[in-house]
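The sequence shown maps to residues 9 to 272 in our numbering.
A virtual CB, placed ideally from N, CA and C, is assigned to each residue, including glycine.
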Amino acid sequence: FNKWYFNQDNYRVTLAGGTGNINFQFFLENSISPGYIDYNTVADFLMIEVQRRAYKKLYLGINYSYSKIKTEFDVDNVPAQVDFLNSIGAVASLDTRDNVYYPHKGFISDVNYSSFPEFLDNNYISQKIEIDYNHFFKPGNETDVWANRLYAGFGLGDLNFNQQFVVGRTDIRGYSLGKYRGSQIIAIQSEYRFNPYKKLGFVGFAGVATIFGAVNEGDNGLLLPGVGAGFRYVVFEKNHMNVGMDLAVGKGDWGFYFKIGESF
C-alpha cells in the first residue's frame, strides 16, 4: 500500500495490492444448530485510485479494484467458493487537515461509490456506498489530539459474502469474533490521543455501531458498543508515524490489536 502526493498536492494517487490468507468465522443463527462457522479466505487483490484537486480542499477521483477470493467453509459437503470481484467507482474528498499523516486539527470527509457491473464479469451485481467523516481537534495544548469518526456503509443489490460489512475492524474495535455482519453499517467513535512524552503516547476510545440487512435477523438495529485503550510509540518523528497496541471490549466480545499508524 502506498499513497503519493504530486504537483503541490494537486494530485493524489493510491495503489494497493497483495495476497492474504485469513482464518475467521461468522455466527449463523438457526433453529437446528446455531453457532460459529469457521472459514478460510485466500485473496489476491489490486486497487488503484487517482484524485485531482477540483476546488480548494475538494478532490474528485476515480478508482478500480480487482479481487480473486477463494473461501472454504468448515461445513461438510459445502464446496469452496471462488469469486472474482471487479469494481469501478468514483470518490469525492474534502480535506482540511493540517497534516495528512498525524493531523491535530481539521477534517477529512470521503464519499466513495463502487459498482460491480455485469460487463466486468461479476457474478454478484451490486453497488456499495461508503461515507466517512474524521474530525480532529486540539484540546487546549499542542501535543494531544481529540479524534472523532463517523462511518456509514450501504450495500445495494446482490452482495457477495466477502462484500458484507463486519463490525470489529476499523469500526468498532472490541469485536473479534465476526458475529455481526450485514449489508449496511453505521458506526461512530471518539478517541483521545494523549502524548505526554516525545516518543511515547496513549489512547483511549469509545464508540457504538449497528448493522442492518444482517445475516442473522435478530442482529438488525442492535447497538454494539466498544471501549478500550492502548499505547503508541513514535518510530518516524518526521511524519509522527506510530506503532502500538490496543485492548478493546465489546458486547460479549473483546479484541487485542497491533497498530501501525492510527485507526483513523
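Open item on the list: I want to know whether the segment 220-232 touches the segment 30-37 - three or more CB-CB distances under 8 Å.
Closed with: Yes, the segment 220-232 is in contact with the segment 30-37.
Task: Selected residue, minimal CA-CA separation from H248, among Y72, L158 and D152 - done: Minimum Cα distance to H248 is reached at D152.
Task: Separation of K259 from A275, as counted between CA atoms - done: Because the chain here runs from 9 to 272, residue 275 falls outside it and cannot be looked at.
Open item on the list: Since A51 and I77 should fall inside the 8 Å C-beta cutoff, what is the C-beta to C-beta distance between them, to a whole number of angstroms?
Closed with: That belief holds up - the Cβ atoms of A51 and I77 are roughly 5 Å apart, short of 8 Å.
Task: Beta-carbon proximity of N71 to M55, cut-off 8 Å - done: Result yes, Cβ atoms of N71 and M55 sit closer than 8 Å.
- [ ] Can you tell me which of the three DSSP states Q16 falls into?
- [x] In the structure shown, Q16 sits in coil (DSSP, three-state: anything other than H, G, I, E or B).
- [ ] Decide if Y13 is buried, meaning its Cβ has at least 16 other Cβ atoms within 10 Å, or exposed.
- [x] By the neighbour-count criterion, in which 16 or more other beta carbons inside 10 Å mark a residue as buried, Y13 falls on the exposed side.
Task: Helix, strand or coil at D227 [DSSP, three-state] - done: In this structure, D227 counts as helix in the three-state DSSP scheme.
- [ ] Compute the Euclidean distance between the alpha carbons of V21 and K11, then round it to the nearest angstrom.
- [x] Taking the straight line joining both Cα atoms gives about 6 Å.
Task: Nearest-angstrom Cα separation, counted from I196 out to P204 - done: The alpha-carbon atoms of P204 and I196 are separated by roughly 26 Å.
Open item on the list: Please report the distance separating the alpha-carbon of H143 from that of E199.
Closed with: Straight-line Cα distance between these residues: approximately 11 Å.
TODO: List the residues that DSSP assigns as beta-bridge partners of T49.
DONE: Bridge partners of T49 according to DSSP: I30 and T79.
Open item on the list: Using 8 Å as the cut-off, can you tell me whether the segment 232-248 makes contact with the segment 209-216, which would need three or more C-beta pairs spanning the two stretches below that distance?
Closed with: The segment 232-248, when compared against the segment 209-216, does touch it at the 8 Å Cβ threshold.
TODO: Could you tell me which residues DSSP pairs with F127 in its beta bridges?
DONE: Under DSSP, F127 forms no beta bridge with any residue.
Task: The beta strand (DSSP E) enclosing I193, as first and last residue numbers - done: DSSP places I193 inside the beta strand (DSSP E), whose first and last residues are R189 to F202.
Task: Q16 classed as buried or exposed, judged by whether at least 16 other C-beta atoms fall within 10 angstroms - done: That one is exposed.
Open item on the list: Is the beta carbon of R189 closer than 8 Å to that of A222?
Closed with: The Cβ-Cβ distance between A222 and R189 falls below 8 Å.
Open item on the list: Could you compute how far the alpha carbon of D129 sits from the alpha carbon of V90?
Closed with: D129 and V90 have their C-alpha atoms spaced approximately 13 Å apart.
- [ ] Return the first residue and the last residue of the beta strand (DSSP E) that Y110 is part of.
- [x] For Y110, there is no enclosing beta strand (DSSP E), as DSSP marks it with neither H nor E.
Task: E57 burial status per 10 Å Cβ neighbour count (16 or more: buried) - done: Label assigned to E57: buried.
Open item on the list: Please tell me whether D84 and R181 are closer than 8 Å, where the distance is taken between their beta carbons.
Closed with: No. Outside cutoff.
Task: Identity of the residue in G148, D179, I194 and G186 nearest G163 by Cα - done: Comparing Cα positions, the closest option is I194.
TODO: Output the boundary residues of the beta strand (DSSP E) element that contains A88.
DONE: DSSP places A88 in no beta strand (DSSP E); its state is neither H nor E.
Task: Collapsed DSSP secondary structure at N120 in the structure displayed - done: N120: strand per DSSP, three-state reduction.
TODO: Might you give, ordered along the chain, the residues of its own chain that have their beta carbon closer than 6 Å to the beta carbon of Y19, omitting 5 neighbours on each side?
DONE: The residues are R60.
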